[in-house]
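Asks: Heads up: the sequence shown begins at 1 in full-length UniProt numbering, then just goes up one per residue. No residue lacks a Cβ here, since even glycine has one placed at the ideal position from N, Cα and C. Can you keep this structure in mind? I'll have questions shortly.
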Amino acid sequence: MSSPLVSIIIPAYKAEHFITRCLNSCIEQSYPHIEVIVINDCSPDSTGFICDQFALINTNIRVIHNLKNEGPQLARPKGVSLARGELITFLDSDDSLASNAVELLVNEAIKTNADIVIGGYEIVSNRGSQYRTPPKTYSTTRTIGLNFSLNSHSDINGQNYIKKNTFRTSLFLKISSTGKTLYSIYSY
Numbered sequence: 001m002s003s004p005l006v007s008i009i010i011p012a013y014k015a016e017h018f019i020t021r022c023l024n025s026c027i028e029q030s031y032p033h034i035e036v037i038v039i040n041d042c043s044p045d046s047t048g049f050i051c052d053q054f055a056l057i058n059t060n061i062r063v064i065h066n067l068k069n070e071g072p073q074l075a076r077p078k079g080v081s082l083a084r085g086e087l088i089t090f091l092d093s094d095d096s097l098a099s100n101a102v103e104l105l106v107n108e109a110i111k112t113n114a115d116i117v118i119g120g121y122e123i124v125s126n127r128g129s130q131y132r133t134p135p136k137t138y139s140t141t142r143t144i145g146l147n148f149s150l151n152s153h154s155d156i157n158g159q160n161y162i163k164k165n166t167f168r169t170s171l172f173l174k175i176s177s178t179g180k181t182l183y184s185i186y187s188y
């Protein structure tokens, strides 16, 4: 795994006001080996159109248009099933990535041979206050299995790792081949 392809999966619904910033943060990554999969979850606004415009000029962006709204708990597994990357990461349509985020996550995954790399993140409020978390890595399926079975929330050390983190695709598929497990955990 020297320069693995990373699939960035973005569920999008009523995201017309922030999807441009989100997609720009993906295509401006310092790490060149990425694909972006946007699941337009039957959004009634111009989200789908905006995403289609990005896909027209960026060959590494694919847009899937759901015929009915299914929610992010089904959009994420759908994105995983379409992913070609050895690594996957999830991004909400109202979030953005630092320009070197994917590069840092990939480097950490390679360096530590981790199955999951939990990237630090920053929350900035409308008033400008900030909250930051440090990055973490997890190298075993056992750690994930214990957290899935012992905790009704999808947390490792208090972090919802489905939304914010980078997984080895094979591990994600092994944990939930149908999406049912992820649905039941994510929807609490």
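#1: Check whether the Cβ of Lys14 lies closer than 7 Å to any heavy atom of the ligand SAH, and answer yes or no.
#2: Going by DSSP, which residues form a beta bridge with Phe54?
#3: Taking the straight line between their C-alpha atoms, what separation do you get for Leu5 and Arg84?
#4: Grab me the residues of Glu70's own chain with a C-beta within less than 7 Å of its C-beta, minus the 5 sequence neighbours each way, in chain order.
#5: Taking its Cβ as the centre, do 16 or more other Cβ atoms sit within 10 Å of Thr59, making it buried, or is it exposed?
#6: With distances taken between CB atoms, is the gap from Val38 to Ile10 smaller than 8 Å?
#7: Look at the alpha carbon of Leu52 and the alpha carbon of Ser81, and state the distance between them as a whole number of angstroms.
#8: Pull up the distance between the alpha-carbon of Ser2 and that of Ser43, whole angstroms please.
#9: Measuring alpha carbon to alpha carbon, tell me which of Ser30, Ala12 and Leu105 ends up nearest Phe49.
#10: Would you tell me roughly how many angstroms separate the C-alpha atoms of Ala98 and Leu67, rounded to the nearest one?
#11: In chain order, what residues of the same chain have a beta carbon less than 6 Å from the beta carbon of Ser25, not counting five sequence neighbours either side?
#12: At what residues does the alpha helix (DSSP H) containing Ser81 begin and finish?
#13: Within 10 angstroms of its Cβ, does Ile118 collect 16 or more other Cβ (buried), or is it exposed?
#14: From the DSSP output, in three-state form, read off Phe18 for me.
#15: By Cβ distance below 8 Å, which residues in the same chain neighbour Glu35 in space, the five residues on each side in sequence not counted?
#16: Return helix, strand or coil for Leu97, following the three-state DSSP convention.
#17: If we ignore side chains and look at the alpha-carbon of each, how far apart do Ile19 and Pro72 end up?
#18: What residue range does the beta strand (DSSP E) around Pro44 cover?
#19: Alpha carbon to alpha carbon, how far is Ile156 from Ile116?
Replies: According to the structure data:
#1: No copy of the ligand SAH appears in this structure; indeed no ligand is present at all.
#2: If you number the sequence shown from 1, residue 54 lands on position 54. The partner list for Phe54 (beta bridge, DSSP) is empty, contrary to what the question assumes.
#3: Reading the sequence shown from its first residue, position 5 is the one you call residue 5. Reading the sequence shown from its first residue, position 84 is the one you call residue 84. About 7 Å.
#4: What you label residue 70 is simply residue 70 of the sequence shown in a count that begins at 1. Closer than 7 Å at Cβ, skipping near neighbours: Asp41.
#5: Numbered from its first residue, the sequence shown carries residue 59 at position 59. Looking at its Cβ environment, which holds fewer than 16 other Cβ atoms inside 10 Å, Thr59 is exposed.
#6: Along the sequence shown, read from residue 1 onward, the residue named residue 38 stands at position 38. Along the sequence shown, read from residue 1 onward, the residue named residue 10 stands at position 10. Yes, they are a contact pair.
#7: Within the sequence shown, the letter at position 52 stands for residue 52. Within the sequence shown, the letter at position 81 stands for residue 81. Reading off the sequence shown, one finds Asp at residue 52, where the question assumed Leu. Roughly 20 Å separates the two Cα atoms.
#8: On the sequence shown, position 2 is the one that residue 2 refers to. On the sequence shown, position 43 is the one that residue 43 refers to. Ser2 and Ser43: Cα-Cα distance of roughly 37 Å.
#9: Residue 49 sits at position 49 when you count from the first residue of the sequence shown. Nearest of Ser30, Ala12 and Leu105 to Phe49, Cα basis: Ala12.
#10: Counted from its first residue, the sequence shown places residue 98 at position 98. Counted from its first residue, the sequence shown places residue 67 at position 67. The straight-line gap from Cα to Cα measures roughly 32 Å.
#11: As a working mapping, residue 25 is identified with position 25 in the sequence shown. The residues are Ser96 and Leu97.
#12: Position 81 of the sequence shown, counting from 1, holds the residue named residue 81. From DSSP, the alpha helix (DSSP H) with Ser81 extends over Pro72 to Leu82.
#13: Taking the sequence shown and counting its residues from 1, the one referred to as residue 118 is at position 118. Buried, because 16 or more other Cβ atoms sit within 10 Å of the Cβ of Ile118.
#14: Walking along the sequence shown from the start, residue 18 turns up at place 18. Here Phe18 sits in coil by DSSP.
#15: In the sequence shown, the residue the question calls residue 35 occupies position 35. Cβ neighbours of Glu35 beyond the five flanking positions: Leu5, Val6, Ser7, Ile8, Asn60, Ile61, Arg62, Ala83, Arg84 and Gly85.
#16: Taking the first residue of the sequence shown as position 1, residue 97 is located at position 97. Three-state result, Leu97: coil.
#17: Here residue 19 corresponds to residue number 19 of the sequence shown, with the count starting at 1. Here residue 72 corresponds to residue number 72 of the sequence shown, with the count starting at 1. Distance between the alpha carbons of Ile19 and Pro72 is about 15 Å.
#18: The residue labelled residue 44 in the question sits at position 44 within the sequence shown. No beta strand (DSSP E) holds Pro44; DSSP gives it neither H nor E.
#19: What you label residue 156 is simply residue 156 of the sequence shown in a count that begins at 1. What you label residue 116 is simply residue 116 of the sequence shown in a count that begins at 1. With a pLDDT of 38 at Ile156, under the threshold of 50, the predicted position of this residue should be treated as unreliable, and no value is reported.
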